[in-house]
Amino acid sequence: MISKRIFASLPFLRNPSNWKVFGLNSQIKRNVSQSKIPKISINSKVSRICAMMGGGLALGYGVVYCSKKVIQSKSTLLADSIERPKFKISREIYNEADQSGLKITLYQYQTCPFCCKVRAFLDYHGLSYNVIEVNSVKQTQIKWSTYRKVPIVVLEGIGQNGYIQLNDSSVIISLLSTHLRHPDVSIEKLVTYYPTLKSMNDKGKTVFEHPNKYFVMNFSDLPEEKMKAGKKERIWREWADSVLVHMLSPNIYRTPIEALQAFNHFDEVGNWEQNFSKFERLVVIYVGAAAMFIIGKVLKRRYDLKDDVRLSLYEACNHWTRELKKQSTKFMGGNLPNLADLAVYGVLSSIEGCKAFEDTLENTDISQWYYDTKNIAVNRTKCPTVGLLDKKHA
Ligand SMILES: N[C@@H](CCC(=O)N[C@@H](CS)C(=O)NCC(=O)O)C(=O)O
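FYI, the numbering for the sequence shown is 5 to 398, going by the numbering used here.
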């Protein structure tokens, strides 16, 4: 995989003694090195096409596969120093019991699986946030950023520029999760633990990688059992990004009718009426559905899915539920969802409402776990911040 190539070409990354370059302090180095760096499959296969044609098409990422060479590593804040214009807030998720003190703005496409993952995390933890829906054709709302993908989270009122920008769903989740466990460590400091490697692919395009993105940092030694659980959680989070997510496009765009149905659904849930002109919207729906039907076939070959792509999706879901059964727990996290549960749930939730999702519930036994996770995540909006509360009352 690309990521392995990057890692292989950067032996200094694998040596914890060199991690000072990333601002990792000695305790973190020890904790992280004890659990070893996981196989990091950085989700770098992203299609621009998909995003151009609408948030729904965000599911078609994975078309472009390019090898990269790392040209720069950056261990500073991810924030761009450019003035950030104010945009209309599309939705406000407010939890009066949120004690985090964070002012979160999420730039997103409603049906992008990576954005769904971040929302699942924020909802589950009872964090309040504002949503800015990005026009996926013009990307007007993220023009101020040099990083041009969603999700982007902006933490308002902190940092040199008056805000801190976090890129990449897994970085966002790991960093905020670390913050909830260690509210005493400043966000500015935490950002230095998630360095961005800037690289250039064969086509000369700049791409960004985040080698620590699946790590929730610990500032003291953890018992063996927790280390093990943390490792398992990272493995499944990575699986959600690098395996499960690739099942989506070929499945939701399996036939022209399903593709059109999916786009009409994305139009509805993504509130495209508000975010696109009438013309853009029609183009996105009809041209998008046709294009994604074809791209779905390309992706099917690329990821070596079965002739009947549903079977690959069912197999992935069964792989997940088999592990739950093996563990004999309700969630991968035990009695409550952990970050792996939220990641898998988030990715699957992006196709809820599509025929592929309905079929999956009918033909696998993932339904119970899925709705258990959903209920618990949705109902958190009235609960005090998860994690932070545990910490304060510990
Ligand atoms: N690794 C990133 C992937 C994000 C991503 O690929 N987002 C897509 C939408 S699903 C996007 O913004 N694509 C726009 C583009 O590639 O220009 C993450 O986890 O956040």
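Yeah, the Cβ is synthetic: ideal placement off N, Cα and C, and Gly gets one too.
**Prompt:** Expressed to the nearest angstrom, what Euclidean distance is found between the alpha-carbon atoms of N379 and S132?
**Reply:** For this step, residue 379 is matched to residue 375 along the sequence shown. For this step, residue 132 is matched to residue 128 along the sequence shown. A straight-line Cα-Cα distance of about 18 Å links N379 and S132.
**Asked** So V348 packs on D127, CB below 8 Å; how close in whole Å?
**Response** For this step, residue 348 is matched to residue 344 along the sequence shown. For this step, residue 127 is matched to residue 123 along the sequence shown. Incorrect: roughly 15 Å between the Cβ atoms, too far for contact.
**Closest Cα partner of K4 within the set T144, V157, N216** = In the structure as shown, the chain starts at 5 and stops at 398, and residue 4 therefore has no counterpart that could be examined.
**Message:** Any heavy atom of ligand 1 inside 8 Å of the beta-carbon of N139?
**Reply:** In the sequence shown, the residue the question calls residue 139 occupies position 135. Flag unset: Cβ of N139 not near ligand 1.
**Message:** Using only CA atoms, which one of N275, A263, V247 lies nearest to E137?
**Reply:** Translated into positions along the sequence shown, residue 137 becomes position 133. Of N275, A263, V247, the residue nearest in Cα terms is N275.
**Prompt:** If we count the other Cβ atoms within 10 Å of its Cβ and call it buried at 16 or more, is G292 buried or exposed?
**Reply:** Your numbering for residue 292 matches position 288 in the sequence shown. Around the beta carbon of G292, a 10 Å sphere encloses 16 or more other beta carbons of the protein chains shown; the residue is thus reported as buried.
**Message:** I believe L463 touches A360 by the beta-carbon criterion, under 8 Å. Please report the beta-carbon distance rounded to the nearest angstrom.
**Reply:** This structure cannot speak to residue 463, because the chain is shown only from 5 to 398.
**Item:** Outcome for K304 when other beta-carbon atoms lying within 10 angstroms are tallied against a minimum of 16
**Value:** Locating residue 304 in the sequence shown gives position 300, counting from the first residue. With 16 or more neighbouring CB atoms inside 10 Å of its own CB, K304 falls in the buried class.
**Item:** Host beta strand (DSSP E) of F212 (start-end)
**Value:** Counted from its first residue, the sequence shown places residue 212 at position 208. According to the DSSP assignment, F212 belongs to the beta strand (DSSP E) that extends over 210–213.
**Prompt:** Count the other CB atoms within 10 Å of the CB of H129; is the residue buried (16 or more) or exposed (fewer)?
**Reply:** The residue labelled residue 129 in the question sits at position 125 within the sequence shown. Around the beta carbon of H129, 16 or more other beta carbons lie within 10 angstroms, which makes this residue buried.
**Message:** Could you tell me the alpha carbon to alpha carbon distance between R384 and P254, rounded to whole angstroms?
**Reply:** For the purposes of this step, residue 384 is taken as residue 380 along the sequence shown, with counting starting at 1. For the purposes of this step, residue 254 is taken as residue 250 along the sequence shown, with counting starting at 1. Rounded to whole angstroms, the separation of the alpha carbons of P254 and R384 is 33 Å.
**Prompt:** Do S173 and ligand 1 come close, with the Cβ less than 8 Å from some heavy atom?
**Reply:** In the sequence shown, residue 173 corresponds to position 169, counting from 1. Checking every heavy atom of ligand 1 against the Cβ of S173, one is found closer than 8 Å.
**Asked** Under the DSSP definition of a beta bridge, which residues are partnered with G338?
**Response** In the sequence shown, counting from the first residue as 1, residue 338 sits at position 334. In the DSSP secondary-structure assignment, G338 is bridged to F335.
**Request:** Could you name the residues of the same chain whose beta carbon sits closer than 7 Å to that of V247, not counting the 5 residues immediately before and after it, in chain order?
**Result:** In the sequence shown, counting from the first residue as 1, residue 247 sits at position 243. So the qualifying residues of the chain are A320.
**Residue span of the alpha helix (DSSP H) that contains S3, given as start and end** = In the structure displayed, the chain extends from 5 to 398; residue 3 sits before or after that span and is not available.
**Asked** How many angstroms separate the CA atom of I289 from the CA atom of V141?
**Response** Within the sequence shown, numbered from 1, the residue matching residue 289 stands at position 285. Within the sequence shown, numbered from 1, the residue matching residue 141 stands at position 137. A direct Cα-Cα distance of roughly 12 Å separates I289 from V141.
**Prompt:** Between C116 and G234, what straight-line distance do the alpha-carbon atoms span, to the nearest angstrom?
**Reply:** The count along the sequence shown starts at 1 and reaches residue 116 at position 112. The count along the sequence shown starts at 1 and reaches residue 234 at position 230. Taken atom to atom, the span from the alpha-carbon of C116 to that of G234 is near 26 Å.
**Message:** At the level of alpha carbons, what is the spacing between S104 and I261?
**Reply:** Position 100 of the sequence shown, counting from 1, holds the residue named residue 104. Position 257 of the sequence shown, counting from 1, holds the residue named residue 261. Going from the Cα of S104 to the Cα of I261 covers about 45 Å.
**Request:** Let me know if I176 comes out buried or exposed under the rule of 16 or more other beta-carbons within 10 Å of its beta-carbon.
**Result:** What you label residue 176 is simply residue 172 of the sequence shown in a count that begins at 1. Buried, by the Cβ-count rule.
**Asked** For the alpha helix (DSSP H) that contains N379, what are its first and last residues?
**Response** For the purposes of this step, residue 379 is taken as the residue at position 375 of the sequence shown. Judged by DSSP secondary structure, N379 falls within the alpha helix (DSSP H) whose first and last residues are 371–383.
**Extent of the continuous beta strand (DSSP E) run through R95** = If you number the sequence shown from 1, residue 95 lands on position 91. Here the beta strand (DSSP E) through R95 covers 95–97.
**Request:** Decide if L286 is buried, meaning its Cβ has at least 16 other Cβ atoms within 10 Å, or exposed.
**Result:** Within the sequence shown, the letter at position 282 stands for residue 286. Around the beta carbon of L286, fewer than 16 other beta carbons lie within 10 angstroms, which makes this residue exposed.
**Request:** Compute the minimum distance between the beta carbon of R152 and the heavy atoms of ligand 3, and state whether it is under 8 Å.
**Result:** The model depicted lacks ligand 3 and carries ligand 1 instead.
**Request:** Have a look at P20 and F219 and give me their C-alpha separation to the nearest angstrom.
**Result:** On the sequence shown, residue 20 is found 16 positions in, with the first residue counted as 1. On the sequence shown, residue 219 is found 215 positions in, with the first residue counted as 1. Low confidence applies to P20: its pLDDT is 34, below 50, so where it sits in the model is not reliable, and the reading given next is rough at best. The C-alpha of P20 lies about 14 Å from the C-alpha of F219.
**Run of the beta strand (DSSP E) containing E419, from where it starts to where it stops** = This structure cannot speak to residue 419, because the chain is shown only from 5 to 398.
**Prompt:** Should G199 be listed as close to ligand 1, given that the test is whether its C-beta is under 8 Å from any heavy atom?
**Reply:** The residue labelled residue 199 in the question sits at position 195 within the sequence shown. The question names Gly, yet the displayed sequence has Pro at residue 199. Not under cutoff, so the answer is no.
**Prompt:** Going by the C-beta, is C345 closer than 8 Å to any heavy atom of ligand 1?
**Reply:** Here residue 345 refers to the residue found at position 341 of the sequence shown. It should be noted that the sequence gives Asp, not Cys, for residue 345. Checking every heavy atom of ligand 1 against the Cβ of D345, none is found closer than 8 Å.
**Request:** Determine which residues share a DSSP beta bridge with E137 and list them.
**Result:** As a position in the sequence shown, residue 137 is number 133, starting the count at 1. According to DSSP, residue pairing for E137 in a beta bridge involves Q112.
**Asked** Can you tell me the Cα-Cα spacing of D271 and E277, whole angstroms?
**Response** If you number the sequence shown from 1, residue 271 lands on position 267. If you number the sequence shown from 1, residue 277 lands on position 273. For D271 and E277, the distance between alpha carbons rounds to 7 Å.
**Item:** Continuous beta strand (DSSP E) stretch holding R278: start and end
**Value:** On the sequence shown, position 274 is the one that residue 278 refers to. The sequence as given places Gln at residue 278; Arg does not occur at that position. Premise fails: Q278 lies in the alpha helix (DSSP H), 276–279, not in any beta strand (DSSP E).
**Request:** Determine the burial state of L106: buried for a count of at least 16 other Cβ atoms within 10 Å of its Cβ, exposed for fewer.
**Result:** For this step, residue 106 is matched to residue 102 along the sequence shown. By the neighbour-count rule (16 or more Cβ atoms within 10 Å), L106 is buried.
**Asked** What residues in its chain sit with their C-beta under 7 Å from that of D363, if we drop five residues either side in the sequence?
**Response** If you number the sequence shown from 1, residue 363 lands on position 359. Excluding sequence neighbours, D363 sits near R314.
**Request:** Please state whether DSSP places K33 in a helix, a strand or coil.
**Result:** If you number the sequence shown from 1, residue 33 lands on position 29. Note on K33: pLDDT 36, under 50, position unreliable in the model; the coordinate value appears next. The answer is helix: DSSP assigns K33 an H, G or I state.
**Message:** Please identify the residue among D188, T109, P227, M251 whose C-alpha is closest to the C-alpha of S354.
**Reply:** As a working note, residue 354 is residue 350 in the sequence shown. Of D188, T109, P227, M251, the residue nearest in Cα terms is M251.
**Own chain, CB closer than 8 Å to N342, minus 5 neighbours either side, in chain order** = Taking the sequence shown and counting its residues from 1, the one referred to as residue 342 is at position 338. These residues qualify, in order along the chain: A233, E237, F335, M336.
**Prompt:** Rounded to whole angstroms, how far is the Cβ of I93 from the Cβ of V154, which I believe are closer than 8 Å?
**Reply:** By one-based count along the sequence shown, residue 93 stands at place 89. By one-based count along the sequence shown, residue 154 stands at place 150. Actually they are not in contact, since the Cβ atoms of I93 and V154 sit about 15 Å apart, beyond 8 Å.
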